[in-house]
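In my numbering, the protein residues as written are 3 to 98.
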Amino acid sequence: MKERDKFVLWPVYFDSTKTRLEGRRVPKSLAVPTPKLEELLKAAEQSDLQPEMIADAGHPISPGQKTGLIMIPKRGSKTQILRKVAEKLCRGRKQS
3 MKERDKFVLW PVYFDSTKTR LEGRRVPKSL AVPTPKLEEL LKAAEQSDLQ PEMIADAGHP
63 ISPGQKTGLI MIPKRGSKTQ ILRKVAEKLC RGRKQS
């Protein structure tokens with residue numbers, strides 16, 4: 003499954019209920035509680051990142067929980083992409 007030309011984005015990266023040690027990768031101010039894979043896909047699409055969803059994948063920290071993942075073509079740094087998607091995710095939650 004490793005693709006060197008893509009970044010992997012897990013929902014846990016954006017989960018405000020998780021600590022950095024548990025896998026959160028964005029600041030709490032940009033995180034949302036228990037993000038859904040579909041929300042993450044929509045936020046990535048709104049950011050023009052051409053996401054690809056894999057629904058039955060489990061994060062290495064908790065492989066028993068099949069939260070799914072999003073694969074994004076590498077353009078820029080992963081930190082920039084995480085921030086961009088997190089901002090869209092927050093805006094999407096506030097509008098709902």
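By construction, the Cβ of each residue, glycine as well, lies at the ideal position given by its N, Cα and C atoms. Given the structure is predicted, the values throughout are model-derived calculations rather than measurements.
Review point. In angstroms, rounded to a whole number, what distance separates the CA positions of residue 24 and residue 66?
Key: Position 22 of the sequence shown, counted from the first residue, corresponds to residue 24. Position 64 of the sequence shown, counted from the first residue, corresponds to residue 66. Taking the straight line from one Cα to the other gives about 15 Å.
Exercise for review: Determine which residues share a DSSP beta bridge with residue 34 and list them.
Suggested key: The residue given as residue 34 occupies position 32 in the sequence shown. According to DSSP, which records beta bridges pairwise, residue 34 is partnered with 17.
Review point. Going by C-alpha distance, which of 83, 19, 6, 45 is nearest residue 92?
Key: Numbered from its first residue, the sequence shown carries residue 92 at position 90. Of the listed residues, the one whose Cα sits closest to residue 92 is 45.
Review point. With 16 other CB atoms within 10 Å as the buried threshold, where does residue 70 fall?
Key: For the purposes of this step, residue 70 is taken as the residue at position 68 of the sequence shown. Classification of residue 70: buried, given that the 10 Å Cβ count is 16 or more.
Review point. On the premise that residue 20 lies in contact with residue 14, defined as a C-beta separation below 8 Å, what is that separation, rounded to the nearest angstrom?
Key: As a working mapping, residue 14 is identified with position 12 in the sequence shown. As a working mapping, residue 20 is identified with position 18 in the sequence shown. With a Cβ gap of about 6 Å, residue 14 and residue 20 count as contacting.
**Study point:** Start and end residues, beta strand (DSSP E) containing residue 54
**Key:** On the sequence shown, residue 54 is found 52 positions in, with the first residue counted as 1. Secondary structure note for residue 54: its beta strand (DSSP E) is the uninterrupted segment 54-56.
Review point. CB residue 72 to CB residue 12, shorter than 9 Å?
Key: In the sequence shown, counting from the first residue as 1, residue 72 sits at position 70. In the sequence shown, counting from the first residue as 1, residue 12 sits at position 10. It is a contact, given that the beta carbons lie within the stated cut-off.
Practice item. Please report how far the alpha carbon of residue 59 lies from the alpha carbon of residue 27, in whole angstroms. Key: Here the question's residue 59 lines up with position 57 in the sequence shown. Here the question's residue 27 lines up with position 25 in the sequence shown. Taking the straight line from one Cα to the other gives about 18 Å.
Exercise for review: Can you tell me which of 40, 6, 22, 18 puts its alpha carbon nearest to the alpha carbon of residue 63?
Suggested key: Here residue 63 refers to the residue found at position 61 when the sequence shown is read from its first residue. Per the Cα distances, 22.
Review point. Could you give the residue range of the alpha helix (DSSP H) that holds residue 71?
Key: The residue labelled residue 71 in the question sits at position 69 within the sequence shown. In the DSSP annotation of this structure, residue 71 is not part of any alpha helix (DSSP H); the continuous beta strand (DSSP E) holding it starts and ends at 71-75.
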